[in-house]
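Residue numbers (our numbering): 175 to 274.
Note that CB positions come from ideal geometry on N, CA and C, so glycine has one too.
If you're wondering where the values come from, they're calculated on a predicted model, not measured in any experiment.
For reference, the structure discussed in these notes is given below.
Here you go:
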């Protein structure tokens, strides 16, 4: 959060997570580009969250990895379309159901 705020005038910020280079994308148009067309270069996030410990946050496309990332990215991209409002509502409701 500090890095995000410190670089508020920039579209993206390069940094290191220990020894691994990382990119924090801030500009909405760049986020859209990553999520819509450049996703093959960004599908394996270094950070991961346990589904057991946090079932909601683990579905964040900025946290998920591999095939799950592709699934959650597709759901997020559906938010920008009007073609699938019913399936979106179902997805939202599933997020509200108790997890076992």
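Distance CB(residue i)-CB(residue j) smaller than 8 Å
i	j	result
residue 199	residue 186	yes
Chain C contact for residue i (CB, 8 Å cutoff)
i	result
residue 206	The structure shown has no chain C; it contains just one protein chain.
Neighbourhood of residue i by C-beta, 6 Å cutoff - its chain only, sequence neighbours within 5 removed
i	result
residue 196	189
Candidates the options, of which the one nearest residue i by Cα
i	options	result
residue 250	234, 239 and 229	234
residue 191	183, 177 and 182	177
residue 244	175, 179, 208 and 180	208
Same chain only: Cβ atoms within 8 Å of residue i, ignoring 5 sequence neighbours per side
i	result
residue 204	185 and 186
Cutoff 7 Å; reference residue i; Cβ partners in own chain excluding five residues on either side
i	result
residue 265	Note that residue 265 scores 46 on pLDDT, short of 50, meaning its location in the model is unreliable; the coordinates nonetheless yield the value given after this. 249, listed in sequence order.
Would you list, in sequence order, the uninterrupted beta strand (DSSP E) runs of no fewer than 3 residues that lie entirely inside the region 178–214? 186–191 and 194–199
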